[in-house]
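This report refers to the structure that appears directly beneath it.
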């Protein structure tokens, strides 16, 4: 677990959202300027972007052996399961839509960088039950990963509190998401050999590459956000809707509000039209009032990882941690895991979460190992 090896203060960086130095602001401006210089708009309106390299992409080494071993383990684990055919169908659909393509043999003689992948299954998802997750952080010893070679761009997490605050200013709330948002952005052909992978099949080595940006690559959220902002900045119609969209989108989520029912209908219609010009499909509309465009207006839904009760129009944080019992073994890693499960971008739980974090700081200084059961004095303090 990465967080075991970092100073305790690094764990609380999300507590200071929005606080950044002038140097970081200058760097953000440079990132956006570089993006605007290099992006292209294709004939169908789709954006084509380059990966923001820290240095020449030729310095990124091949990691074929490492990724092939991971691929074999993934096939051995999932290859005979009932979900594997559904997993393969995702890639088949992608190929039909030109989201991925087979790498010609002659191009494999060049330096290539591979991404491992595995299936993630979410049976409760309304839209995507199974999806591939790509790992751009894997590297062989002594060599950098793809993520280490790319600029991440501006910190989008800082946007969350403001978006939530504006959303709560209105009596009528509206939410939506962009369908397969990352897959709507074309990646420049010169960068595609840095995002190749083994096709999920048994016994045969088939090598494909991404033609779109990849979820899991550290720069992808920035590239998506910069693209959407460029699209909105250059939209000459529906000024009010454009301005609302600019301050309502976080990665692939749209969260906003209006004062009147008629505004909700108008906003949804115009927002869908505006985003479609960049090949983005705003879908899954939900709200706390019944609307012909909204698929859901009752029960609970999730907005920016917070639970929104549509009937009562209330927000609450997701709290999912193990109930303590006499048999529970309290260790440093158990406490760390429990404290980090609180996601609270608006600070609603601060009075309740401050004490456990202060206690964790004391535990951090102790010489106990991660799996060693803590003495009663520590456990009693934490349990209270």
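In my numbering, the protein residues as written are 121 to 504.
Cβ atoms here follow ideal geometry from the backbone N, Cα and C, with glycine treated the same way.
| Query | Result |
| --- | --- |
| Candidates 223, 318, 358 and 411: closest to residue 254 by CA position | 318 |
| Per-residue burial, residue 402 [other beta carbons within 10 Å of its own, 16 or more giving buried] | buried |
| Segment contact, 8 angstroms Cβ cut-off, at least three pairs: the region 268-281 with the region 395-415 | no |
| 8 angstroms Cβ cutoff met for residue 378 and residue 294 | yes |
| Contact the region 323-341 vs the region 211-220: 3+ CB pairs below 8 angstroms | yes |
| Residues near residue 190 by beta carbon distance below 6 angstroms, same chain, minus five either side | 236 |
| With 16 other Cβ atoms within 10 Å as the buried cut-off, status of residue 492 | exposed |
| Stretch pair the region 359-374 + the region 283-303: three plus CB contacts closer than 8 angstroms | yes |
| Sufficient close CB pairs (3 or more, under 8 angstroms) joining the region 341-352 to the region 196-210 | no |
| Backbone CA spacing between residue 490 and residue 454 [nearest angstrom] | 8 angstroms |
| Selection from 346, 261, 287 and 252 that minimises the alpha carbon distance to residue 320 | 252 |
| Presumed contact (8 angstroms Cβ cut-off) between residue 358 and residue 390, rounded CB distance | 5 angstroms |
| Terminal residues of the beta strand (DSSP E) in which residue 426 lies | 426-429 |
| Rounded separation between residue 463 and residue 438 - CA only | 7 angstroms |
| Range covered by the alpha helix (DSSP H) that runs through residue 386 | 381-396 |
| Every unbroken alpha helix (DSSP H) inside the region 273-330 [4 residues or more] | 279-287 |
| Check: residue 501 C-beta below 7 angstroms from any heavy atom of the ligand MG | Summarising the ligand content, the structure contains no ligands, and the ligand MG is consequently not present. |
| Anticipated Cβ contact below 8 angstroms, residue 450 with residue 478, distance rounded | Their Cβ separation, rounded to whole angstroms, is 17 angstroms, which puts residue 450 and residue 478 out of contact at 8 angstroms. |
| Helix, strand or coil at residue 342 [DSSP, three-state] | helix |
| Residue environment, residue 368, which counts as buried when at least 16 other CB atoms sit within 10 Å | buried |
| For residue 420 and residue 500, the rounded distance between their alpha carbons | 35 angstroms |
| Neighbourhood of residue 233 by C-beta, 8 angstroms cutoff - its chain only, sequence neighbours within 5 removed | 180, 181, 182, 183, 266, 313, 314, 315 and 316 |
| Nearest-angstrom Cβ-Cβ length linking residue 306 and residue 162, presumed shorter than 8 angstroms | 7 angstroms |
| Residue 467, buried or exposed, once every other Cβ within 10 Å from all chains shown has been counted against 16 | exposed |
| Element boundaries [alpha helix (DSSP H), containing residue 451] | Careful: residue 451 lies outside any alpha helix (DSSP H) and carries neither H nor E. |
| Whole-angstrom distance between residue 257 and residue 484, CA atom to CA atom | 27 angstroms |
| C-beta contact flag for residue 384 and residue 407 at 8 angstroms | yes |
| Euclidean distance between Cα positions of residue 405 and residue 269 | 37 angstroms |
| Counted within 10 angstroms of its Cβ, other Cβ atoms place residue 345 as buried (16 or more) or exposed | buried |
| N- and C-terminal bounds of the beta strand (DSSP E) containing residue 509 | Residue 509 cannot be examined here, being either before or after the span of the chain that is shown, 121 to 504. |
| C-alpha gap between residue 215 and residue 290, whole angstroms | 43 angstroms |
| First and last residue of the uninterrupted alpha helix (DSSP H) at residue 471 | 470-485 |
| Distance between residue 497 and residue 273 (C-alpha atoms, nearest Å) | 45 angstroms |
| Status (buried if at least 16 other CB within 10 Å, exposed otherwise) for residue 356 | exposed |
| Closest Cα partner of residue 465 within the set 481, 423, 488 and 172 | 423 |
| Proximity below 8 angstroms, CB of residue 361 to CB of residue 381 | no |
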